[in-house]
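Student:
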Amino acid sequence: MDIKDLLKIIIAKEASDLHLSVGLPAMMRLNGTLEPINDYVLSHEEISDMLKSIFPPQKAAFLPDQEVDASVEIKNVARFRANVYYDKNGICAAFRFIPTLIRSIPELGLPDVVEQVCVMKRGLMLVTGIAGSGKSTTLAAIIDRINSTRHDHVITIEDPIEFVHNHKNCIVDQREIGTHTHSFDSALRAALREDPDVILVGELRDLETISMAITAAETGHLVLGTLHTRGAAQAIYRVIDIFPPHQQEQIRAQLSECLEMVVSQVLVPSVDGRHRYLACEVMVMTHAIRQLIRSNKIYQIQTEIETGSQWGMQSLEKSLKSLVTAGNISKETALQWVHDRKAFESF
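Residue 1228 is where the sequence shown starts when you use the working numbering, and the numbers rise one by one after that.
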């Protein structure tokens, strides 16, 4: 079967991912669950030929000791984020579908308070969650809103480029690691010399990148980034803990000044299993939370989130309970995602 046919199938089925592995049929992830597309078992040679037909020559070597990350566009089909790698049986690949249409903040089910980010001129905003929780989709919605309503210079640094942003009211320069720049931290360092207003960092994955992102936010830029954490407080811990102990007090002070919002999200299967709904925790920086970060009392932030509805804050438990009340997800499903069952039951 042609790779383009497989990719068309996952689009038609509204699946999120395609997986190719030697000795198995092509698999798709549908509403969070893997299932076979057909019963045809793939060989190493078949998968290799499929991939070479769509990858540019400079990325089609597929060496056994290397992984290849790339964005792949199939003309008249769609765009995909692709990763090619080897396991004990041979070549493998994973494709993540990237919708052409960028959905708006309300369409994604995000709280209204997230719109505030789109008017901020400076500071750091984090979107966190496990892999496949829709972080890139949320950031794309924010960038699209900025692109439509402001007259700014936006630089995105991604690995690889996912959603494509055409110039609207803004200049949107999208840079891909390995294609247009060597690393996140080097691209961030260069970005500060490129007169940006808004900088999107696809993943804050190491000390150097996080340090540069904080510096960029402190020096008058709006910086958007992602982390793989569950919960707003956990995101703050992650940022601080990546630094050596002798630097952590300084980082807490910097973070207390530049951090503006954290959105931590999950995608939860619907009652009928045919859709997924976004549930999220939102932390909006207040004077009290800034003080808690500065004084290393991050463990108290959850209480501020739970009692901060007047600022637009909400806990993950409250978000999940709202979805249960609306009949979108089951209570049993919600309980699989809560951090605090007692808090969930109290709503």
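Glycine included, C-beta positions come from ideal geometry on N, C-alpha and C. As the structure is a computational prediction, the values presented were derived from the model and not from experiment.
Just to confirm the assignment: which complete beta strand (DSSP E) runs, minimum length 3, are found wholly within the segment 1544 to 1574?
Tutor: none
Student: Closer than 7 Å by C-beta to residue 1558: which residues in its own chain qualify, once you throw out the five before and the five after it? Chain order, please.
Tutor: 1551
Student: Which term fits residue 1568, buried or exposed, when burial requires 16 or more other beta carbons within 10 angstroms of its beta carbon?
Tutor: exposed
Student: Can you tell me which of the three DSSP states residue 1402 falls into?
Tutor: Under the three-state reduction of DSSP, residue 1402 is assigned to strand.
Student: Report the CB separation of residue 1278 from residue 1253 in whole angstroms; it is logged as a contact under 8 Å.
Tutor: That belief does not hold up - the Cβ atoms of residue 1278 and residue 1253 are roughly 12 Å apart, past 8 Å.
Student: Whose CA, out of 1508, 1319, 1380 and 1260, lies closest to the CA of residue 1577?
Tutor: Coverage of the chain is limited to positions 1228 through 1574, which leaves residue 1577 absent and any answer about it impossible.
Student: Any idea what DSSP makes of residue 1533, helix, strand or coil?
Tutor: Helix at residue 1533.
Student: Determine whether the beta carbon atoms of residue 1188 and residue 1349 lie at a separation below 8 Å.
Tutor: The chain is shown only over 1228 to 1574; residue 1188 falls outside these bounds and no answer can be derived.
Student: So the candidates are 1322, 1311, 1306 and 1314; which of them puts its Cα closest to the Cα of residue 1329?
Tutor: 1306
Student: Cα-Cα, which of 1276, 1443, 1313 and 1303 is closest to residue 1235?
Tutor: 1303
Student: Could you please give the first and the last residue of the uninterrupted beta strand (DSSP E) stretch that includes residue 1277?
Tutor: First-last for residue 1277: 1271 to 1279, but that is the alpha helix (DSSP H), not the beta strand (DSSP E).
Student: Within 10 angstroms of its Cβ, does residue 1479 collect 16 or more other Cβ (buried), or is it exposed?
Tutor: So residue 1479 counts as buried.
Student: Comparing C-alpha positions only, which one of 1424, 1436, 1398 and 1396 sits nearest to residue 1197?
Tutor: Given that the chain is displayed from residue 1228 to residue 1574, the structure contains no residue 1197 and the question cannot be resolved.
Student: Who are the Cβ neighbours of residue 1614 in its own chain at under 6 Å, not counting the five residues just before and after it?
Tutor: A question about residue 1614 goes unanswered here, because the residues of the chain that appear run from 1228 up to 1574.
Student: Report all residues from its chain with a CB closer than 8 Å to the CB of residue 1229; omit the five preceding and five following residues, and keep chain order.
Tutor: Excluding sequence neighbours, residue 1229 sits near 1277 and 1280.
Student: Please classify residue 1267 as buried or exposed, where buried requires at least 16 other C-beta atoms within 10 Å of its C-beta.
Tutor: exposed
Student: In terms of residue numbering, what span does the beta strand (DSSP E) encompassing residue 1261 cover?
Tutor: 1260 to 1263
Student: Under the assumption that residue 1341 contacts residue 1493 (Cβ atoms under 8 Å), give the Cβ distance between them as a whole number of angstroms.
Tutor: In fact, because the Cβ distance is near 15 Å, the residues do not count as touching under 8 Å.
Student: Using a 10 Å radius around the Cβ and a threshold of 16 neighbouring Cβ atoms, would you call residue 1481 buried or exposed?
Tutor: buried
Student: Measure the Cβ-Cβ separation of residue 1452 and residue 1296 and say whether it is below 8 Å.
Tutor: no
Student: Over what stretch of residues does the alpha helix (DSSP H) that includes residue 1397 continue unbroken?
Tutor: Here residue 1397 belongs to no alpha helix (DSSP H), and DSSP marks it neither H nor E.
Student: Would you decide whether residue 1563 is buried or exposed? Buried here means 16 or more other CB atoms lie within 10 Å of its CB.
Tutor: exposed
Student: My parser needs the alpha helix (DSSP H) runs of 4 or more residues fully inside the segment 1478 to 1537; what are they?
Tutor: 1514 to 1521 and 1528 to 1533
Student: Buried or exposed for residue 1573, please, with buried defined as at least 16 other CB atoms from any protein chain shown within 10 angstroms of its CB.
Tutor: exposed
Student: Starting from the N-terminal side, write out each stretch of the alpha helix (DSSP H) that is 4 residues or longer and does not extend beyond the segment 1431 to 1482.
Tutor: Listed in chain order, they are 1434 to 1445 and 1459 to 1468.
Student: Tell me whether residue 1388 sits in a helix, a strand or coil according to DSSP, three-state version.
Tutor: coil
Student: Look up residue 1297 in the DSSP assignment and give the residues it is bridged to.
Tutor: 1309
Student: Assuming contact is defined by CB atoms lying nearer than 8 Å, are residue 1370 and residue 1394 in contact in what I supplied?
Tutor: no
Student: Taking only the alpha-carbon atoms, compute the straight-line gap between residue 1423 and residue 1400 and give it to the nearest angstrom.
Tutor: C-alpha separation (whole angstroms): 10 Å.
Student: Would you call the segment 1518 to 1528 and the segment 1371 to 1389 in contact, with 3 or more CB pairs under 8 Å?
Tutor: no
Student: Quick check: the Cα distance between residue 1547 and residue 1496, rounded to an integer number of angstroms?
Tutor: 11 Å
Student: Return the chain-ordered list of same chain residues with a C-beta closer than 6 Å to the C-beta of residue 1346, the five sequence neighbours on each side being excluded.
Tutor: none
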